[in-house]
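Visitor: Following the numbering used here from start to finish, the sequence shown increments by one per residue and tops out at 494. We put the CB at the ideal spot given by N, CA and C, even for glycine. Keep in mind it's a predicted model, so treat the numbers as computed, not measured. Input: one structure, supplied below.
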Amino acid sequence: MTLPSLFRRTPFRLTLLFLALFAAAASAILAYVYVASAAEAQARARSDVVAENAALTAVYRERGADVLNQALVDRILTGGPFLYLFMDRQGQGITGNLSVTGQGADGATARQALNESPIEDYTGGEQWATFRFTDTEADGRVVRKEAFGVQTTLPGGEMLYVGKDLGDTEAYLTRLTQALWMAMGMVLLLGAGGGLLISRNVERAMGRLNTVVTSVQEGDLKARVAVRGSGDELDELGVGLNRMLDRLEASMASTRHAGDAIAHDLRSPLTRMRARLEVALIDAEAGKVSGVDALEVALNEADTLLKTFNTVLAIARLQAAAGRVPDAAVFDAADLAADMAELYEPAAEDKGLEFSAEIERGLLIEGARPFLAQALANVIDNAIKYTPTGGAVMLRARRRSSGEIEYSITDTGPGVPEADRPRVIERFVRLDNSRTEAGSGLGLSLVGAVMEAHMGRIQLDEGPGAYGGSGPGLRVALVLPAASAG
């Protein structure tokens, strides 16, 4: 038999566990209260019996047996919780209000006479005992009660038993026990009801989460968890799941876009490669040209394709790292800037550009140097590529007033319109003025992925402005958090 889903949920099981623990604790408390109350009642009864026995013994010593007997008669007639039995030297009862119940020879309950002490085998001195005695209630009912008392031998040889009725204490303890059991029963009942209610609410909340998960599994990436706004852990789980789904949806959209863009951008070079190979094959068969030149062109096209794929894979690797940069280490950003300046200064001079660098020392950052080097190389390469002859390119590495480390590359090229600056970081985006240059549109996209993986950011601003018929130029800043010196 399968239990309903509510009873198979973890919250309900935890509720039952806590209820069981509470029941065990409540039982222990109940036992302690009962034992402590019984011990207190016993101690109080003993103290009262000791005081009453001392008072009666003092009467006997000061005024004799007859006055003690009269005092006992007065006490018995007045009533009270005490039980008395005054016996002669042979142990025969003289005065008392005590009758003790016991078992007869035939097994029936019998009531002892007043001339018999409740303490059997009395050996003298002071001897305590707990026993049961019979009493008659106001309505005529004969009841058995518990009593506690002491028997002593008086100076003249007579014996005196003084006890106290514990019936009221027994009744109090019984009522206390019943009240505690009722209270524990109510708590268990309320706890079970509360556990069912909590379990039902949790089941509903988890059901909403499961519905979203099932929808996503079936391909609906638009499904989201409804956040109630209570701020509890279920809301936190819902917010986290929604963020994860947002990233998943964006990643899937980016993947689809990348696939479409790759297919679109590679269609032309692949078609061109096929056409050139076909022409080379025809020419080679006709003996017009050597096939070596055609194969070199095909190899160049293949290298371009491989470079595009390698860049896409690098971006995917960085995005998959989710903030954990592969092979990260602390190094001086100035050293990387100096290496980049040394590498690209000859290329800029070959194109007739003025290349300069301003590098501040002691710029510690934490990251993957190869990725950061590739990002800087992409930006510097773009600056050199799009800056016309006679222009200038400047590389800077400095510490911002905020403490962040900044690489900036400024050129005097055509620049990027402000409206298009957010787009140029996306994959396979190429502006109209760059269509004539070789490239795949992945350079700044890789730079953006590197910055995101390093918890940094990329900023595009206008360069030095229009000058001599060129400009306004472009300033690309790569801002990274500084690493601690320790």
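1) Taking the DSSP output, what are the residues bridged to K172?
2) Does DSSP put R2 in a helix, in a strand, or in coil?
3) For T86 and M190, I'd like the C-alpha separation in whole angstroms.
4) Contact defined as beta carbons within less than 8 Å: I believe L91 pairs with F141. What is the distance between those atoms, to the nearest angstrom?
5) Quick check on this structure: which residue in D291, K172 and E374 has the alpha carbon closest to the alpha carbon of D56?
6) Pick from L452, R369, G375 and Q78: whose alpha carbon is nearest that of A5?
7) Could you check whether Y68 and L76 sit closer than 8 Å to each other, using their CB atoms as the reference points?
8) Comparing the C-beta of M192 with each C-beta of chain C, is any distance below 8 Å?
9) Under 8 Å, do S125 and Q98 count as touching if we go by C-beta distance?
10) Quick one: what does DSSP say G449 is sitting in, helix, strand or coil?
11) Touch check for the stretch 369 to 387 and the stretch 407 to 420: three-plus C-beta pairs under 8 Å?
12) Run through DSSP, which three-state label would Y42 get?
13) Less than 7 Å separating the Cβ of M95 from some heavy atom of the ligand FAD?
14) In angstroms, rounded to a whole number, what distance separates the CA positions of V41 and M214?
15) So within the stretch 180 to 249, which uninterrupted alpha helix (DSSP H) runs reach at least 4 residues, ignoring any that extend past its ends?
16) In the DSSP output, which residue or residues are listed as bridge partners for M95?
17) In the DSSP assignment, find the alpha helix (DSSP H) that holds R377 and state where it starts and stops.
18) For D96, which residues from the same chain have a beta carbon less than 7 Å from its beta carbon, with the 5 sequence-adjacent residues on both sides left out?
19) Quick check: the Cα distance between A32 and L196, rounded to an integer number of angstroms?
20) Assess contact between the stretch 176 to 183 and the stretch 21 to 32, defined as three or more Cβ pairs (one per stretch) separated by less than 8 Å. Is contact present?
21) Would L530 pass as a contact of R232 if the rule is Cβ separation under 8 Å?
22) Per DSSP, what kind of secondary structure is T177 in: helix, strand or coil?
23) Less than 8 Å between the beta carbons of L229 and L256, yes or no?
24) Straight-line CA distance for L106 to L162?
25) Spatial neighbours of A355 within its chain, please: C-beta separation below 7 Å, excluding the five flanking residues on both sides.
26) From R119 to F30, what does the alpha carbon distance come to, in whole angstroms?
27) Please report the straight-line C-alpha distance between L488 and D469, rounded to a whole angstrom.
28) Between which two residues does the alpha helix (DSSP H) containing L344 stretch?
29) Sort out for me which residues DSSP pairs Q467 with in a bridge.
30) According to DSSP, D419 sits in a beta bridge with which residue or residues?
31) When you compare only the Cα positions, how much space is there between L198 and S207?
32) Identify the residues that DSSP records as bridge partners of R140: which are they?
33) Helix, strand or coil for D114? Go by DSSP, reduced to three states.
34) Can you list, in chain order, the residues of its chain with a C-beta nearer than 6 Å to that of A491? Leave out the 5 residues immediately preceding and following it.
35) Kindly indicate which residue of I127, K296 and R52 has the alpha-carbon position closest to the one of L168.
36) Taking 8 Å as the cut-off, decide whether the C-beta atoms of M397 and K359 are in contact.
Guide: This is what the structure holds:
1) Per DSSP, F90 and F156.
2) Here the chain covers residues 9 to 494 and nothing more, so residue 2 does not appear.
3) Whole-angstrom Cα-Cα distance: 38 Å.
4) Rounded, the Cβ-Cβ distance is 7 Å, consistent with contact.
5) Measuring from the Cα of D56, the nearest candidate turns out to be K172.
6) The structure shown has nothing for residue 5, since the chain only spans 9 to 494.
7) A contact, by the Cβ cut-off of 8 Å.
8) Looking for chain C here will not work: only one protein chain is present.
9) Contact flag unset, no.
10) At G449, the pLDDT of 48 sits below 50, so the modelled position is not reliable and the matter cannot be decided from this model.
11) Result yes; three or more Cβ-Cβ pairs closer than 8 Å.
12) Of the three classes helix, strand and coil, the one that applies to Y42 here is helix, per DSSP.
13) This structure lacks the ligand FAD; in fact it carries no ligand of any kind.
14) If I take the Cα positions, the gap works out to 43 Å.
15) Counting only runs of 4 or more, we get nothing.
16) Looking at the DSSP assignment, M95 forms a beta bridge with G101 and M167.
17) Where R377 is concerned, the enclosing alpha helix (DSSP H) stretches over R377 to Y394.
18) Its chain contains I102 and E166 as the residues whose beta carbon lies nearer than 7 Å to that of D96, once the 5 sequence neighbours on both sides are disregarded; these appear in chain order.
19) Rounded to whole angstroms, A32 to L196 spans 11 Å at the Cα level.
20) Cβ pair count under 8 Å is below three, so no.
21) With the chain running from 9 to 494 in the structure shown, residue 530 is simply not present.
22) In the structure shown, T177 sits in a helix (DSSP, three-state: H, G or I).
23) Yes. Within cutoff.
24) Approximately 19 Å, taken between the alpha carbons.
25) So the qualifying residues of the chain are I392.
26) Below a pLDDT of 50, predicted positions are generally treated as unreliable, and R119, at 41, falls in that range; no measurement from the model is reported.
27) Their backbone Cα atoms lie some 17 Å apart in a straight line.
28) Run containing L344: A341 to D358, per the alpha helix (DSSP H) assignment.
29) Q467 is bridged to A485.
30) Answer is V401 and L482.
31) Their backbone Cα atoms lie some 14 Å apart in a straight line.
32) Partner(s): E154.
33) With a pLDDT of 45 at D114, under the threshold of 50, the modelled position of that residue is not reliable, and the figure given next carries that caveat. In the three-state scheme derived from DSSP, where H, G and I count as helix and E and B as strand, D114 is classed as coil.
34) Around A491: V338, L372, I373 and E374.
35) Per the Cα distances, I127.
36) The residue you asked about is not Met; residue 397 is Thr in the sequence shown. Remark: C-beta atoms of T397 and K359 approach each other more closely than 8 Å.
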